[in-house]
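All letters in the sequence shown, in the order written, are residues 2 to 576 by the working numbering. The block underneath contains the structure these notes are about, expressed in structure tokens.
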Amino acid sequence: MDKQQLTRLVDLLRRSGSDLCDVEVKAAAGGLPKALRDTLSAFSNDRGGTVILGLEEGNEFRPANGFDAAKTSSALASTCNDELQPPVRTEIEIVEFEDALVVVAEISELDPRFKPCFVAARGEYNGSFTRGGDGDRRLTDFEIHLLHTNRGQPNDDRQPVAAATLADLDAAETQVLVTRVRQRQPRAFANLDESQILRRLNVVAEDEEGIVRPTLGGLLALGTYPQQFFPQLNATLVAYPGKSAADVPANGPRFLDNRSFDGPIPVIVDEVVTAVLRNTSVRSFVDGNGRTDVYDYPAEVVREAVANALLHRDYSTYSRGTPVQITLYADRLVIANPGGLFGAVTEDDLGGEGVTSSRNPVLAKLLQDIRLPETGRMACENRASGIPTMLRELRRAGSPPPEFHNRITRFKVVLPRHALLDDATTAWIVSLGQSGLTTSQHLALAEMRTGRTVTNGTMRNLGLEAHRATSELSDLVNRGVAVRIGERRHARYVLAPEADDPTPSRADGTPEELVWRTLADGTELSRRDIEQRTGLSYMKVLRALKALEDSGRVTPTAPGRSPLRRYRRNGPGLW
């Protein structure tokens with residue numbers, strides 16, 4: 002990281018008022034803090050991050066008095082190599098900043114095959130950490146268990162289910178499967194009877210007493226009612242009227258819908274899609290080809306997201322009490338499943354060509370030969386096509402790409418409801434005065450305007466190949482409308498300060514005054530609500546709220562990283 006990039010990163014820290022999730026700042030004036038070992042472990046077990054030593058967070062991230070960069074750099078290198086297992090490999094640099102020297106280390110995510118990284122003196126179960134907000138949290142035994150299973154191939158889906166019998170399989174669907182595989186793969190199945198085929202497909206297996214029983218994968222794919230044995234291996238849907246579970250109108254309903262979906266996976270997928278579409282708005286267009294209904298969320302996108310969640314979730318005994326959870330808010334659809342990404346796949350890989358790694362191979366193999374009851378399509382293609390299909394359909398609908406949130410114990414897909422390029426955003430991009438921007442660059446700028454950072458992975462989710470993603474983001478930097486923070490895998494892009502809000506100053510007051518007046522009626526509003534009502538950019542609203550909070554004129558209702566955080570005015574008063 003060079004001097005210019007460090008300056009930009011510190012500017013971002015100052016604007017946010019605290020550490021970022023993937024940035025840890027320590028003064029380290031009295032030597033290397035012991036707690037830094039926890040952070041090195043956490044970054045290695047998470048998505049990586051940046052450590053900056055020699056700045057004081059409590060003093061607006063200014064250089065710390067008495068900091069010895071050379072000594073600290075050497076101590077950090079020794080800690081990375083000697084006090085963590087496996088050793089943390091990182092590039093440590095001494096960078097000039099505001100007439101002082103600071104130490105910067107960019108920590109890469111550890112290969113999943115070697116996780117967890119832990120503080121050697123405390124052992125694996127007491128010394129393994131992950132990132133939570135802008136702090137470090139010790140991994141639970143369950144999280145460490147999942148990291149261990151990620152090193153090999155789990156076999157939960159091929160295990161026989163105690164107490165289940167062949168009568169618990171749907172006879173008609175089982176016969177369809179047998180007929181299909183005989184036709185598609187005659188060399189492997191043509192000369193086998195049904196019982197032999199079911200064994201070969203791992204639909205059934207012998208238990209310890211030699212009794213043939215359905216496997217977990219067989220039951221989930223072909224069972225008449227798998228929830229008889231595993232009540233929570235299903236899906237749930239909750240539809241809220243507002244943008245959070247707590248955002249309930251006075252005297253209004255707490256839920257717009259609240260239900261669970263049982264049965265085998267193909268049935269669950271179809272029923273969830275129907276329920277989601279029923280709970281969202283639809284616009285109708287009439288052209289020469291007749292009437293077309295357009296839903297907030299394309300049916301194909303919902304279908305792929307739900308099927309992926311049910312297929313790739315963790316089915317170990319630790320997770321069998323947790324369903325796949327679908328939550329519908331006023332502004333987004335969230336699909337969450339237990340168990341993070343499996344194998345060597347990372348968030349940045351998602352949507353790439355041929356990217357796949359199956360936690361449940363028996364289930365994946367079965368679902369590619371079983372049709373969904375409503376559409377007649379295969380429940381799963383098992384060709385790494387699910388997320389690319391989602392991205393393609395979202396682009397076609399003019400919707401922003403999904404957000405992927407991967408944690409060790411949980412994977413979440415967030416589908417925003419709003420159009421990314423609305424009229425206000427389009428007008429803002431025009432005001433930048435940049436001609437010749439591609440559609441992907443328009444979308445990247447729109448993402449940055451909301452306050453989110455953009456990475457190569459973001460651009461790939463917009464349909465670009467890796468080399469073109471880098472080229473288009475670099476072009477935005479060269480044009481002066483974006484800045485890059487970090488190098489190589491750690492590179493992320495944010496709006497350049499001069500592009501934050503190029504529109505002239507408003508005649509009706511400063512950003513602080515606009516925000517203050519917006520909160521005048523006593524309503525508690527989120528940051529995004531305030532952006533929409535004032536027309537101010539993300540950064541201007543953030544700075545205004547911080548100034549108002551520091552002066553005691555505005556109070557937040559929840560911690561900084563809580564999705565429930567709202568702001569309220571303290572007293573009526575005049576500006």
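Beta carbons are placed, not taken as given, at the ideal position from N, Cα and C, and that holds for glycine. As the structure is a prediction and not an experimental result, all values here were calculated from the model.
Leaving out five residues before and five after residue i in sequence, what residues of the same chain have Cβ atoms less than 6 Å from its Cβ?
i	result
residue 425	none
residue 306	336 and 414
residue 393	none
residue 315	339 and 340
residue 587	No answer is possible for residue 587: it lies beyond the span of the chain, which begins at 2 and ends at 576.
residue 39	130 and 137
residue 508	Caution is warranted here: a pLDDT of 40 is assigned to residue 508, below 50, making its placement in the model unreliable, and the coordinate value is therefore given only provisionally. Same-chain partners within the cutoff: there are none.
residue 237	261, 324 and 326
residue 406	413
residue 244	330, 331 and 332
Could you tell me if residue i is buried or exposed, where buried requires 16 or more neighbouring beta carbons within 10 angstroms of its beta carbon?
i	result
residue 401	buried
residue 99	exposed
residue 187	exposed
residue 126	exposed
residue 270	buried
residue 466	exposed
residue 82	exposed
residue 560	exposed
residue 158	buried
residue 298	buried
residue 212	exposed
residue 442	buried
residue 1	Not covered by the structure: residue 1. The range shown for the chain is 2 to 576.
residue 45	buried
residue 440	exposed
residue 457	buried
residue 259	exposed
residue 152	exposed
residue 119	buried
residue 4	exposed
Please name the residue in the options whose C-alpha comes closest to that of residue i.
i	options	result
residue 461	417, 350, 33 and 373	350
residue 357	259, 162, 463 and 381	381
residue 57	66, 171 and 49	66
residue 545	514, 87, 137 and 175	514
residue 275	327, 226 and 316	327
residue 137	228, 37, 225 and 59	37
residue 176	163, 185 and 199	199
residue 105	446, 531, 24 and 378	24
residue 386	280, 117 and 369	369
residue 91	108, 97 and 80	108
residue 362	155, 114 and 94	155
residue 69	102, 86 and 93	102
residue 497	2, 397 and 16	16
residue 555	516, 565 and 541	516
residue 470	453, 147 and 494	494
residue 206	259, 359, 163 and 87	163
residue 273	434, 309 and 169	309
residue 410	455, 280 and 149	149
residue 62	21, 115, 551 and 178	21
residue 89	116, 313, 96 and 73	116
Opposite residue i in the DSSP bridges: which residues?
i	result
residue 494	455 and 485
residue 86	119
residue 379	372
residue 406	413
residue 333	417
residue 98	101
residue 56	64
residue 133	136
residue 236	262 and 325
residue 205	215
residue 526	568
residue 338	412
In its own chain, which residues sit with a C-beta less than 7 Å from the C-beta of residue i, not counting the 5 before and 5 after it?
i	result
residue 165	214, 215, 220 and 230
residue 183	190 and 191
residue 142	126
residue 228	234, 235 and 263
residue 268	374
residue 504	For residue 504, the predicted structure reports a pLDDT of 45, less than 50, and the residue's modelled location is therefore unreliable. The matter cannot be settled from this model.
Below 8 Å on the Cβ atoms is my contact criterion, and I expect residue i with residue j to pass it. Report the Cβ-Cβ distance as a whole number of Å.
i	j	result
residue 54	residue 29	4 Å
residue 446	residue 482	7 Å
residue 512	residue 541	5 Å
residue 278	residue 296	5 Å
Excluding the 5 residues preceding and the 5 following residue i in the sequence, name in chain order all residues of the same chain whose CB lies nearer than 8 Å to its CB.
i	result
residue 8	98
residue 254	242
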